[in-house]
Each structure stands twice: as C-alpha cells, then as structure tokens.
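Chains as they are written, first to last, in this note's numbering: chain G, 7 to 367; chain E, 2 to 443.
Just below is one structure, and these are the notes that go with it.
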Amino acid sequence: MDKSRQTIVMFWIVHVGLIFFLYPADIIGSLSVGHWSAVLLGFIIHVSLVALYTKGLSYCAPLNVIDLFQRVGRLFAFAMLLPLAVYFVLIIIITVRAYAEIVTVIFLGNTPLWTIMLLFLAVSVFICQLGVESIFRTGILIALLFFPFLILVLILSFQNADWHYLLPLMDRDAATFAYALRRPFLKSLFAFIGGFLFLGFIPSRVSYQSRKIVYASLGLLPFFLASVYIPLLTFGENTASKFPFPFIMAVDTVDVSWLMFDRVTMFFMISLLCFVILFLSLVMWMTLLLLKRGMPALKAPTAGLLLAAAIYIVCLLVPNWNAVERLMWWNTVPRLYAAFVIPLAVFALGLRHRRRETVRP
Amino acid sequence: MLLPAFLKSRQARDMDLFLHSLYLAEEPVVLAGYTSLIDLPQTIVMLRQLALNADDAGKPLFDRDSGVGTPLREPGEQEVLDALAAGDALICSESGDRWLRLVPVGRTLSRALESPTTENVLRGAISAFNEDLDTNVGLVKKHMSSDMLRIRSYTLGLSQRRKTVLLYAEGKIREPLLRSIVQKLETLPDRDISDLQALSAFFGFSKWSPITRFNTSELPQEAAFALEHGKAVLLLDRFPFALVLPSLLSDMFVSQNDRNFPVIIMFSFRILRILGVLVNVLLPGLYVALVSVNPEVLRIEIALSIAGSREGVPYPSLVETLLLLLVLELTLESAIRLPKTIGPTITMVGGIILGQAVVQAKLVSNVLIIILAASTIANFTVIGFQNATALRLYKYLLLVLSAMFGVLGLFIGIVVICAYFSYGNTFGIPYLSRWKAGRRYG
C-alpha cells in the first residue's frame, strides 16, 4: 500500500521541527553577508543526499538498510551500523538536553530541567513503543492540527521585516564557499541530515515513492530560508548574530492586536517541540531496531525503557549549555558519517543489488 | 422419567409453564409452553385450524408434512426445555412418544417502533431500533433493499443463549475484516455475552481502552449507511443498538444524516463538531496552564481580568477546576438517572444556585464557570454518547499535564492522545483510517 503521503508528512515534520531553533544561529554565525548561499549549499547537499539515499533504497525495494548491510556480511553490517547507532543515541541525548534547556529559557523558567527531560523522554518512549505505523499516523494528525497555525505565525512574523537588510546579496566569502569548513556551518548541517535517515528503516509494508519524497524535500526550502531571513530582516545581521535563538527573538517581536494572546510565539514553538518529540520517538524507534538486531535477547518494552533510562542519566550529567555545544561539536564526525557514508553505501549496495537481480533471470 | 411426567414436575418450579390437554384431529394431545411467552387462546384457535387442514388432506397430525409443526424424534429433557425457553410450543401425544415443535402465537413483548432516545434526527428517518432482533433486522433490510445484503445468525453464550446477527454487504465489505469477524463468531465463546464488555472481551479487544471498538447507533439508516460503505453490523437480541465494526475516528464527526443537508452545511456541521472536540478537550487545560504556569502568554488586560476574577479563591487553579468539573460530571451523571419531571429542577439548581452562588462565595472564578460550561456543551456536539464519554476522560490527562508544564504540557498531552488514537485499531483497521467503500487510506 502506498503510504507516500504519510512518509512525506513525517519527513516534513522532522525537518521543520529541527530547523527553527538552532539552525538560524549557526547560519548567521557562519558568514556575515549572503546567507542564502549557505542555506542553498546546505540544501543542495540535503536534496542530493536524499535523492541518492532513496534511489539506493528503491533499487533494493523490500529491503531496509539493516537487511541490505547484512546481506554483505554480519561483520560489515556491524561495522557500518555501530557508528550509526552511536550517532542516533547522541542525537537523542543532544536533542532532549538542548530542547529542555530551550524550554526553560523561553517559557518554563521555574520548572526544573529534569522534569522537562523526563517528560520528553517518557512521551517519546511511549510513542515509539506503539510502532512506526502509529508514529506516522500521529504525524498526520499532528500536522493537521498544528501546520495551519505554523504557517500563520510564519507569515505574521514578516510583520517587522525591513527588506533593506537583504542587501548586500553577496561578498567574496559567500561566493567562494569559504565558510563551508567553518565550525558553525558544519554544525548547521544537523538540520539537513538528522531527519531523512528514517526513510531507510521503515518496513516494506509502509511503502513510498522515492520520487515524491525528493519533490517533497524541495518544499522545505522556504522554511530554511524563512528561519534565517526572518531574524535577519527584523534585526539586521549585526544584532541577529548576538542572539542564541535569533528566530525565536524575531517571532517574539510580532504583535497581533486581534488575538487574545500576547505571545503567539509560544504556541509556535510548542508546536515545533511536538514535532521534535515525534522526531525523538522516530530516532528512538530506529535505535531500538538496530539494538534489537544486535542483541536479539532484548524484548521490545524493556529495551525501550532501558535505552530511555540510559539516555536520561546521560542527559542529567550534562551540566550546562556549553557542554551541550561541545557535545554537538563532537557529534559532527558521526553526523558526517551518517550523512555521507550511509547514503553513499546504500546507493552503491542498491546498485549492486539491482545488477545482480537483473543478471539473475 | 417419561417426558410428560418430567414436564409436570417442572411445573412446580416454573409457574408459567402450562400443560393443556386438548383434542386435535380426534387425537388427545398435550400442548406445552410458557404462558408468559405464548398467547394460549389464540394459539389453540390456530392449532385447531391447522389440525383441521391436515385432517382434510389426510395427513396424520404428527407427520412431517402435516404442516402443524416440526416433529422431534425422541427429544431429551434439555432439548425440550430449550425449545420452550425459545418461546416455542410443544405438542405431545398422550403417551408421550411423539412430539411436535411449533411456532405459536406469541405475546407482544417488545415496544413498538419509536423515535430514538439517545440520538436526535432533524432531517431523515426517525424510526429507531428496539429490543426485538427480527424487527431490527427488518428495519435494516427496509433501509437497505439490496440483494448484496447478507445476514448470518449465531447463538452465543453458555447458559444464556443470545441470538446475534451479523450483517454485511457482499462485495462491499473488505474480505479480511469479514473473515476475522466470522472466525471470531464461529469459535463460540465459553461464557455468556451479557453486555458489550463481554462481547469486546470475546472479540479480543483491549479491556482498558477508552476508544470504543463498536460504534453503536440506534438508527437503522446509520446501520444501512455503514453496510453500504463496507462495514459490518452486529445486532444482538434484546439490545436496541446496532454495533458497527470497525469504529473509526471519523464516526465522531460524520453522520449519514448530514447528507440530507446541502454540502456546505454538511461540512460546516463537521467542522463545528471538530471544533467542539477541541474546545471540550483543550479549554479546561488551557485555563489551568494560562492561569497557573504561563500567564505571560495572555494579553495583559485579559490576564489582569482573570487574575481579578480569581481574587479571593483560596486554592490553585487545578484544584478549582477539578472541583467544578466534579460537580459538572455529577450533574451529567445524575441527569441520566433523574425522572423526566425532576430534570428542570436540577437545571435550576445547577445553573443558578451552583453557578451564581459558587462565584459569589469566591470558591471558583467566574471565568472558569464560563470555560467549563463551554467545554461541557462542546462535549455533546460529538456524535454518539460513547464517544462523548471517552472525550470526557481525555480532558483530565490534559488538565494534569497543563498544571505541571503549562502550555507545553497541554500540547504534549495532545500529542499523546493523537498517538493513542493512531495506535487503536479494530481487526487490524486503524482507528484513524479514512474509510472509503472497499478501500482504505492511512
């Protein structure tokens, strides 16, 4: 049964949830003029990786990434997937810790950090235990409820835009891609990469058309651009680069006189947080899939709870925001691995798989 | 013991068991049955006519093709009792060696067709199901006069034999769904199906889930609509509701009756119902979140006026809301049990005395009264009482989460509820699927 629509919605949810919090600061920090160039560069990398990955997957249609790697050999699969599992666990830790911190900074000043992290983890473990099809359906429902609202706030947030800040369009730095190896840009890649790997893990009964996914990923470009340009147009580059969460600051300046709420931003951000929770449960589900392949003795509910407990303990051990930033930087290497090696390997193996299939009558 | 003697001894225990001696076709026989189920004089008149006809045709009374009844060959005690309990009459010869089972003139033990009591219809067929199974099947047949309609009958239960009828439209219903239902029904339960809990346990549905797996409806037109759209309908004897399988989220918002209105009005009804659900589930939680955790979200004027109305209320907003909700739930529950004549009194007591006095006594804020009233009214925009009651429960989850985490808790509560909805399924059909006849979307 074709479930392209569910997959696309999930794909969007995952990325939109990741874009608006940390990504704008990284892009604004990586260059001073012509931010569109950095956004586009990242985006092109993203789309081409998604295309490669889905193409490779469609070549070996009913197999998922784990099966594909295991065909080559157990040891190979282990060597390839272990870093991926590490990357997933790190992502969960960083996301839970970072977003809990963001929540306390922005609107729950009095609530202790550990309760928020507990809430995030508990909910995502609960959702991930329900299985991937439930996650997808939840995604549809959540998207129906929250997306209209997100779009509305996104449009409203252009209220204070000063379009002169668009200029200058370009300088030597932006034109030569000199920023591409700078730390903030590499960090910004997480918004492009974290999300799409789930496409290779969903079981074959949830099938999708890879072409549609690639088209759908093109639709994300406005979100990427808006997340960077709304703060830039509102504050100007000089001011925007001083904020830790420039986009949120920019949305905070919006004043809608006909609403009974003063801070529309809050609903906006919380909707995004809900998307992040879905993302967390998806990543957790993938991690559990990997773990269960590695250790078949683990049973479903216990494995999930153990994983969540371990992650929770690590999260508690992260003392402050600097440590989170350091973790994010450390995660760059596994991230680059997950971003480039896995899709390329999948593509290569998929190609090989197809050749064999065609040779064999 | 000879069977007539057995029945005589049985008479001591069942006071409504009659053994009536009479002559049919010049043969002395005994007519047995329950007076509570059988109209005796009418039955005797009918019997005489039948016996006369048989005699004219030259057929012996106890013959298979005499047209009086079906002969029983050396029936056991249990068989005789079963036949009597089913409401049939028995004729046995004086010697007790030959038996006939026949359908007598029964007493009318069901109410006449009436309009529904739990679902109101504004435009559309108003007749509702009643307790008589055959009437119900007939009603559905009247509403769906199609040769695709298939009817299968089962008798479930151990000591209480309960007739159950499964209806479906051949060619419309999805085969796997039909197969799993029939498979379940044919395994025959090892316990009595006295209520829907027992039935859903028999079908293997989760015991604790607040999502109803049977969408119940009192209206034959809804049942016919469901059948035409490839769902299965179960009718239980003595149960004036049709059980529609599978139950879906859209059943909360979509009713066949809507289609008797212009399309735009139909859609506005549905949007209204969806809004009703959101208002009902979200408002109390939102109030608690905004008052106790995130007051800065509100515009300063509203925040001040709410704070002003809460002035003098001695406890946190969660307790305040829970208190008033408790009173509301009590009112709802008691309104079901109240005699119709006392209903208005409760409205007055609830509305004026509780509403007005509770504010003046500064026990709760008047904004809360507005919010809970809106929420309770919104609760019943949903179709089906079983859905409305389930919604009442979700409200409390959101309330608690909101009190702990403010607006964040509220939204995460929504995610949890959505996830729970997406997990629910009936015979493998997800609760959230969009239903089209014969096809299924995610």
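By construction, the Cβ of each residue, glycine as well, lies at the ideal position given by its N, Cα and C atoms.
| query | result |
| --- | --- |
| Bridge partner(s) assigned by DSSP for residue 170(E) | 150(E) |
| Inter-residue Cα distance where the pair is residue 11(E) and residue 195(E) | 26 Å |
| Proximal chain E residues relative to residue 113(G), where beta-carbon distance stays under 9 Å | 294, 295, 297, 298, 407, 408, 409 |
| Inter-stretch contact (C-beta, 8 Å, three-pair minimum) for the region 419 to 435 of chain E and the region 130 to 147 of chain G | yes |
| Burial state of residue 288(E), where buried means 16 or more other Cβ atoms lie within 10 Å | buried |
| Nearest neighbour of residue 115(E), chosen from 128(E), 109(E), 123(E), 122(E) [CA to CA] | 128(E) |
| Inter-residue Cα distance where the pair is residue 428(E) and residue 182(E) | 8 Å |
| Inter-residue Cα distance where the pair is residue 261(E) and residue 249(E) | 22 Å |
| Interface partners of residue 269(G) on chain E, CB under 9 Å | 295, 297, 298, 299 |
| Same chain, Cβ closer than 7 Å to residue 62(E), five either side skipped, listed in chain order | 25, 26, 28, 52, 55, 69 |
| Span of the beta strand (DSSP E), counted from its first residue to its last, around residue 237(E) | 233 to 237 |
| Integer Cβ distance of residue 409(E) from residue 276(G), believed to fall under 8 Å | 5 Å |
| For residue 21(E), three-class secondary structure by DSSP | strand |
| Residue 109(G) classed as buried or exposed, judged by whether at least 16 other C-beta atoms fall within 10 angstroms | buried |
| Inter-residue Cα distance where the pair is residue 439(E) and residue 190(G) | Unreliable positioning characterises residue 439(E) in this predicted model, as indicated by a pLDDT of 42, which lies under 50. The coordinate reading is nonetheless provided below. If you take the alpha carbons of residue 439(E) and residue 190(G), they lie about 53 Å apart. |
| Enclosing beta strand (DSSP E) for residue 209(E) [first to last residue] | Unbroken run through residue 209(E): none, as it is neither H nor E. |
| Per-residue DSSP class, three states only, for residue 189(E) | coil |
| CA-to-CA distance, residue 390(E) to residue 341(E), given in whole angstroms | 21 Å |
| Min CB distance residue 379(E) to chain G below 8 Å | no |
| Three or more C-beta pairs below 8 Å linking the region 226 to 245 of chain E and the region 160 to 170 of chain E | yes |
| Euclidean distance between Cα positions of residue 108(E) and residue 126(E) | 28 Å |
| Neighbour flag for residue 433(E) against chain G, beta carbons, 8 Å | yes |
| Test: residue 20(G) CB closer than 8 Å to a CB of chain E | no |
| Simplified DSSP assignment, three categories, for residue 229(E) | helix |
| Min CB distance residue 413(E) to chain G below 8 Å | yes |
| Cutoff 7 Å; reference residue 372(E); Cβ partners in own chain excluding five residues on either side | 284, 285, 288 |
| Minimum Cβ-Cβ distance from residue 123(G) to chain E less than 8 Å | no |
| Check whether residue 313(G) and residue 295(G) have beta carbons under 8 Å apart | no |
| Own chain, CB closer than 8 Å to residue 242(E), minus 5 neighbours either side, in chain order | 130, 217, 218, 219 |
| Residue 170(G), buried or exposed, once every other Cβ within 10 Å from all chains shown has been counted against 16 | exposed |
| Buried or exposed by the 16-neighbour rule on C-beta atoms within 10 Å, applied to residue 105(G) | buried |
| Terminal residues of the beta strand (DSSP E) in which residue 208(G) lies | No beta strand (DSSP E) holds residue 208(G); DSSP gives it neither H nor E. |
| Under the three-state DSSP convention, the category residue 430(E) falls into | strand |
| Extent of the continuous alpha helix (DSSP H) to which residue 310(G) belongs | 306 to 323 |
| Residue nearest to residue 404(E) in terms of C-alpha spacing, selected from 281(E), 290(E), 98(E) | 290(E) |
| 8 Å CB neighbourhood of residue 231(G) in its chain, flanking five on each side removed | 42, 45 |
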